[in-house]
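Protein sequences, first through last, are from chains A and B. If you read the first sequence in numbering that gives the first Met the number 0, its first letter stands for residue 0, the second for the next number, and so on. If you read the second sequence in numbering that gives the first Met the number 0, its first letter stands for residue 0, the second for the next number, and so on. For every residue, glycine included, the Cβ atom is placed at its ideal position computed from N, Cα and C. Working notes, beginning with the structure itself.
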Amino acid sequence: MLEGSFKFNVLLTLPALVLTILLAVVTGALSPNFVTETNLANLATRLLPLGLVALGEAMVLFAGRIDLSVGSIFSLSTAIVALTSDTLGWYAIPVTLVIGIACGLFNAAGINLFRINPLVMGLATAAIVKGVTLLILPSPGGEVNYELYDALFGSERLLAMPLFLTIGAYAALVVIMGWTRFGRSIYAFGSDQRAAFVNGVSAWKVDLAVYGVSGFFAAAAGIAVSIKILSGDPLIGEAYTLDAVSAAILGGVALQGGRGSLIGVLLATISLVLVNNAFNLLDLDTNFQNIAKGLIFVLALVFFMRGKAGEA
Amino acid sequence: MTLPPALANARPAHATLRAMGLLALLLIVLFVASGKVSMQQVLDNARQAAPLGIIALGQALILMMGRLDLSVGATAGLANVVLASAFAGDMSNMPLALTLTIGLGLLVGLCNGLLVVTLRIPSFLATLATSLVLTGGLLVYTGGSPRGSIPAGFRQISEGWLFGVIPWSVVIWAVIGSLLMLFVHYTLAGRKMLFSGANPVAARLSGIAAGRLVILSFIIASLMATLGGIMLSAITGTASIGIANSYTVDTIAAVVIGGALFSGGVFLPAGAAAGSLILFFLQSLLYVLSLPPAARFILQGAIIIAALALANLKKDR
Chain A
0 MLEGSFKFNV
10 LLTLPALVLT
20 ILLAVVTGAL
30 SPNFVTETNL
40 ANLATRLLPL
50 GLVALGEAMV
60 LFAGRIDLSV
70 GSIFSLSTAI
80 VALTSDTLGW
90 YAIPVTLVIG
100 IACGLFNAAG
110 INLFRINPLV
120 MGLATAAIVK
130 GVTLLILPSP
140 GGEVNYELYD
150 ALFGSERLLA
160 MPLFLTIGAY
170 AALVVIMGWT
180 RFGRSIYAFG
190 SDQRAAFVNG
200 VSAWKVDLAV
210 YGVSGFFAAA
220 AGIAVSIKIL
230 SGDPLIGEAY
240 TLDAVSAAIL
250 GGVALQGGRG
260 SLIGVLLATI
270 SLVLVNNAFN
280 LLDLDTNFQN
290 IAKGLIFVLA
300 LVFFMRGKAG
310 EA
Chain B
0 MTLPPALANA
10 RPAHATLRAM
20 GLLALLLIVL
30 FVASGKVSMQ
40 QVLDNARQAA
50 PLGIIALGQA
60 LILMMGRLDL
70 SVGATAGLAN
80 VVLASAFAGD
90 MSNMPLALTL
100 TIGLGLLVGL
110 CNGLLVVTLR
120 IPSFLATLAT
130 SLVLTGGLLV
140 YTGGSPRGSI
150 PAGFRQISEG
160 WLFGVIPWSV
170 VIWAVIGSLL
180 MLFVHYTLAG
190 RKMLFSGANP
200 VAARLSGIAA
210 GRLVILSFII
220 ASLMATLGGI
230 MLSAITGTAS
240 IGIANSYTVD
250 TIAAVVIGGA
260 LFSGGVFLPA
270 GAAAGSLILF
280 FLQSLLYVLS
290 LPPAARFILQ
300 GAIIIAALAL
310 ANLKKDR
C-alpha cells in the first residue's frame, strides 16, 4: 500500500513542484526583473497571506472537512486591525487572532451541534462574518499603526519577516501533523471518521481544532495584509477562499480527507503567487488572472480527483 | 402508502406547508408594521422577488440531485451583461439578444455538468471554478465597465401587469415553477432524476444512467439562472458587474427554508418559492426598519443555519 507512505507524499507534491519550477523558469526567462531582490522580497510578501490561509484550509481538508469562510474571516481581520491598531497598538494582533479563532469555533459548533453540512456551514458563517465586517467597516479605510508596518515589512529583502513567518508557520504544523498523536488523529479522522471514532478520536475535538487553526491563520493572513496596505478592506478576502482551496488541492491534499502534505501546499501556494507575479511582470491583462486561476484549479482537480467519486 | 404515487406527489409536503406558514406569519408582521393590508404591495414585492425565485428553482433541482451549484450568481450576472450589451437599448435586437444570452447560459450549464460528471469534480468546487472563470471572463469582455441597456419594451416582462391584476414576472415565475414540477414528477426523465437523487446506488443498480441526468440538471439550473438574470435585467434596465453575486447564497438559503435537503431526493418548488419570498420580505423588512445593508448578509447566514439546524434536530428525534 503506497498511500500514506513517505514516497507517496513526495509524489503528491510533484505537480506543484513542477508547476513552480516551470513558472519560475518561464517568467525568469521572459522578464529580467524576476530574479531581483526587490521582486523576490515582493514574492515573499505576497506568499505570506496566501500561504497562511492555505495552511489553515489544508488542516481542515486533512480532517475531511472544508472551510469556505476563510475569506470572510480574512476581511474581518483587516477591518479589525484597521479600526483598533491606533488605540490598541500591538495588542490589536492578539485580539484579531482570538476573533478569528472564535469564527472557526463557530463553524465547528454548527457542524457538530446542529449537524450542518460543513460546506454549507462555511457559506453561512461567511455570510454572517461578511455582514459583521460591513457593519464595522462599510468601505475600505481605517488606519494601521505604521510601527507595525516597519516591524513586518520594513526590510525590503528576501530574507526578512514575511518569509520567516511563512516558513515558521509551516514548519510548526509539519511537526505537529507528522510527529504528534494529535496530528495523526486528524489524518485518521479524515481518512475514516467511523474507524477514528471507534479508536477514541472525538469529532468535536478534531473539528474545534482544525476550524480553530483555520480561523487563526485566516485572521493572521488578514492582519498581514492590513499591515501591508495600512488600512482595512471589507471585501479584500473574498478571493482568498478559492485560492486557499485551490492551493491545497494543487498541493495534493485530498478533499475526502486523510491525505496530503503541507510541503505540497506550500509549493502550490508559491506557484499561485508566481502566477500573479508573472501577470504583473509580463504586463498581461490582469483580468485574465481569474480565468487562469480558474483553469489551474480545474486542472488540479482533474489531476487529483480523477477516479474518486466522492461528492459533497 | 395507499395513495397512488401521482396523487401522493401532488399533495404539498410538510416542509412546503411550514415554509408557507412562515411566509404568512411574516406577511402579517409586515402588515402590522406598516399598518395597512395591501395586496398590491405584496404582489409588487413578489414581482421583484421573481429573479431570485426563478434561480432558486434551478438550485432546488440541483439539491434534489444531491449536488450544489455555486455558479448561479455568476451565471445570472453573465446573462445581465450579455443581454444588455446585445440589446443595446434597441427592441429590434431581441431575437439575437435572447438567443445569445440563453445559449451562453446553456453552455455554462453543460460545462458544469461535464466537469462534475465526466471529470468527477465535486459539484461545489467545479461550479466555484466556473463562477471564477465567468467573473474573470466578464471583466475581460467589459473591461470593467459594461455597456448597453434594456429597451423599455422588454422591461415590460417585469414592469407590466397582466390585466393590471398580477405582474407578468410573477406569472412567468409560476409557469416556470409549474413546468419544472410537472417535469420532475410526471416525465420519465424527471422521475429518474428524483430517484437517482434520492438513492444514487439503487438508481444505478436499476440501470439509470445518472450521469446524463446530472448534466441535464446542471443545464436546467444554468437556464434558470439565465432566465433569472434576464428578469433581473428587466428590473434594473442596465448592465452592472457583480449585480447577481449574492444570488448564489440567497438561493441556497431560499431552498433550504423551503425544505430542501443536502442529501438530495427532495424537490419542493412551492417551498423554494415560499423560501424566496420569505428571504425577500425579510430584506424589505430590514429596509423598512432602516437597518444597514450589511445586516442582510448576517440574516442570510443566520437563516441558513437556523433552517438546517431545525431540519436536522427534527430528524434526530
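Nearest neighbour of residue i, chosen from the options [CA to CA]
{"i": "G294(A)", "options": "D242(A), L265(A), G251(A) and S260(A)", "result": "Per the sequence presented here, residue 294(A) reads as Leu, with Gly not at that position. The shortest C-alpha separation from L294(A) is found at D242(A)."}
{"i": "R258(A)", "options": "A40(A), L51(A), V25(A) and A57(A)", "result": "A57(A)"}
{"i": "F181(A)", "options": "Q255(A), N198(A) and P137(A)", "result": "N198(A)"}
{"i": "A208(B)", "options": "S91(B), R190(B), G270(B) and V36(B)", "result": "R190(B)"}
{"i": "R64(A)", "options": "G99(A), R45(A), L16(A) and Y186(A)", "result": "Y186(A)"}
{"i": "I79(A)", "options": "N41(A), P31(A), G140(A) and T19(A)", "result": "G140(A)"}
{"i": "G248(A)", "options": "K292(A), P233(A) and L229(A)", "result": "Sequence inspection shows Ile at residue 248(A); the Gly mentioned does not correspond to that position. Nearest C-alpha to I248(A): K292(A)."}
{"i": "L283(A)", "options": "L11(A), L18(A) and S30(A)", "result": "S30(A)"}
{"i": "C102(A)", "options": "G70(A), L172(A) and A81(A)", "result": "G70(A)"}
{"i": "S201(A)", "options": "T179(A), N111(A) and I72(A)", "result": "N111(A)"}
{"i": "G227(B)", "options": "A125(B), I54(B) and R46(B)", "result": "I54(B)"}
{"i": "V212(A)", "options": "I175(A), A194(A), A15(A) and I226(A)", "result": "I175(A)"}
{"i": "G99(A)", "options": "R183(A), D66(A), S230(A) and D191(A)", "result": "D66(A)"}
{"i": "L69(B)", "options": "M63(B), L105(B), Q58(B) and W172(B)", "result": "Q58(B)"}
{"i": "T247(B)", "options": "L42(B), Q40(B), A294(B) and V71(B)", "result": "V71(B)"}
{"i": "V28(B)", "options": "L309(B), G300(B), N92(B) and L288(B)", "result": "L288(B)"}
{"i": "I219(B)", "options": "G176(B), S84(B) and G241(B)", "result": "G176(B)"}
{"i": "L60(A)", "options": "A218(A), G189(A) and N286(A)", "result": "G189(A)"}
{"i": "N92(B)", "options": "G152(B), L124(B), F279(B) and T15(B)", "result": "G152(B)"}
{"i": "W167(B)", "options": "F30(B), I234(B) and A128(B)", "result": "I234(B)"}
{"i": "L229(A)", "options": "L49(A), Y145(A) and L300(A)", "result": "Y145(A)"}
{"i": "L56(B)", "options": "G143(B), A273(B), A306(B) and I302(B)", "result": "A273(B)"}
Whether residue i touches residue j by CB criterion (8 Å)
{"i": "A48(B)", "j": "G258(B)", "result": "no"}
{"i": "I120(B)", "j": "M304(A)", "result": "yes"}
{"i": "L207(A)", "j": "A125(A)", "result": "no"}
{"i": "L26(B)", "j": "S232(B)", "result": "no"}
{"i": "V205(A)", "j": "A62(A)", "result": "yes"}
{"i": "I297(B)", "j": "V119(A)", "result": "no"}
{"i": "A243(B)", "j": "V254(B)", "result": "no"}
{"i": "R321(B)", "j": "S148(B)", "result": "Within the shown structure, residues of chain B are numbered from 0 to 316, placing residue 321(B) beyond reach of any answer."}
{"i": "A246(A)", "j": "L271(A)", "result": "yes"}
{"i": "F217(B)", "j": "I61(B)", "result": "yes"}
{"i": "P268(B)", "j": "L179(B)", "result": "yes"}
{"i": "I135(A)", "j": "G135(B)", "result": "no"}
{"i": "A73(B)", "j": "P145(B)", "result": "no"}
{"i": "T141(B)", "j": "I304(B)", "result": "no"}
{"i": "F296(A)", "j": "T285(A)", "result": "no"}
{"i": "P137(A)", "j": "P233(A)", "result": "yes"}
{"i": "A197(B)", "j": "L212(B)", "result": "no"}
Cross-chain neighbours of residue i in chain B, by beta carbon under 8 Å
{"i": "A202(A)", "result": "Correct list: empty, because the minimum Cβ distance to chain B is about 15 Å."}
{"i": "Q288(A)", "result": "G135"}
{"i": "D206(A)", "result": "In chain order: nothing, as chain B lies at least about 15 Å away."}
{"i": "G109(A)", "result": "I304 and A308"}
{"i": "L254(A)", "result": "P121 and L124"}
{"i": "D66(A)", "result": "Ordered by position in chain B, no residue passes the 8 Å Cβ test against D66(A), which lies about 13 Å from the chain."}
Those residues which DSSP pairs with residue i across a bridge
{"i": "T237(B)", "result": "S148(B)"}
{"i": "I165(B)", "result": "L161(B)"}
{"i": "G140(A)", "result": "G231(A)"}
Within chain A, partners of residue i - CB distance below 7 Å
{"i": "L288(B)", "result": "Ordered by position in chain A, no residue passes the 7 Å Cβ test against L288(B), which lies about 14 Å from the chain."}
{"i": "F279(B)", "result": "The premise fails here: F279(B) is roughly 16 Å from chain A at the closest Cβ pair, so nothing lies under 7 Å."}
{"i": "F261(B)", "result": "N116 and V119"}
Cross-chain neighbours of residue i in chain A, by beta carbon under 8 Å
{"i": "P291(B)", "result": "L133, L134 and P137"}
Under 9 Å by beta carbon: chain A residues contacting residue i
{"i": "G300(B)", "result": "L122, A123, T124, A125, A126, I127, V128, K129 and G130"}
{"i": "R190(B)", "result": "Simply none; closest approach about 21 Å."}
{"i": "L114(B)", "result": "V297, L300 and V301"}
{"i": "V248(B)", "result": "L122, A123, A125 and A126"}
{"i": "F194(B)", "result": "Within 9 Å Cβ-Cβ: nothing; F194(B) doesn't reach chain A, min ~17 Å."}
7 Å Cβ cut-off: residues of chain B touching residue i
{"i": "K292(A)", "result": "L131"}
{"i": "L241(A)", "result": "L127 and L131"}
{"i": "D284(A)", "result": "V139"}
Interface flag, residue i vs chain D, CB-CB below 8 Å
{"i": "A128(B)", "result": "Looking for chain D here will not work: the only protein chains present are A and B."}
task: Please list the segments of the alpha helix (DSSP H) lying wholly inside the segment 26–97 of chain A, counting only runs of 4 or more residues, in order along the chain.
output: The qualifying runs are 36–61 and 69–87.
- prompt: Can you give, in chain order, each stretch of the alpha helix (DSSP H) that sits fully within the segment 208–290 of chain A and has at least 4 residues?
  reply: Listed in chain order, the alpha helix (DSSP H) elements of length 4 or more contained wholly in the segment 208–290 of chain A are 237–249 and 261–280.
query: Of all the alpha helix (DSSP H) runs that stay within the bounds of the segment 68–112 of chain B, which reach a length of 4 or more residues?
result: The DSSP assignment places 71–86 as complete runs of the alpha helix (DSSP H) inside the segment 68–112 of chain B, in order along the chain (cut-off: 4 residues).
query: Enumerated in chain order, which unbroken segments of the beta strand (DSSP E) with a length of 3 residues or greater are wholly contained in the segment 104–143 of chain A?
result: As far as the segment 104–143 of chain A is concerned, it has no whole beta strand (DSSP E) run of at least 3 residues.
task: Enumerate, from N- to C-terminal direction, the unbroken alpha helix (DSSP H) stretches of 4 or more residues contained entirely within the segment 135–205 of chain A.
output: Runs of alpha helix (DSSP H) with 4 or more residues, each lying fully within the segment 135–205 of chain A, are found at 145–152, 160–178, 180–190 and 192–197, listed in chain order.
query: In chain order, which alpha helix (DSSP H) runs of at least 4 residues are fully inside the segment 32–68 of chain B?
result: Runs of the alpha helix (DSSP H) lying entirely within the segment 32–68 of chain B, each at least 4 residues long, are 38–63 in chain order.
task: Starting from the N-terminal side, write out each stretch of the beta strand (DSSP E) that is 3 residues or longer and does not extend beyond the segment 173–202 of chain B.
output: Uninterrupted beta strand (DSSP E) stretches at least 3 residues long and entirely within the segment 173–202 of chain B do not occur.
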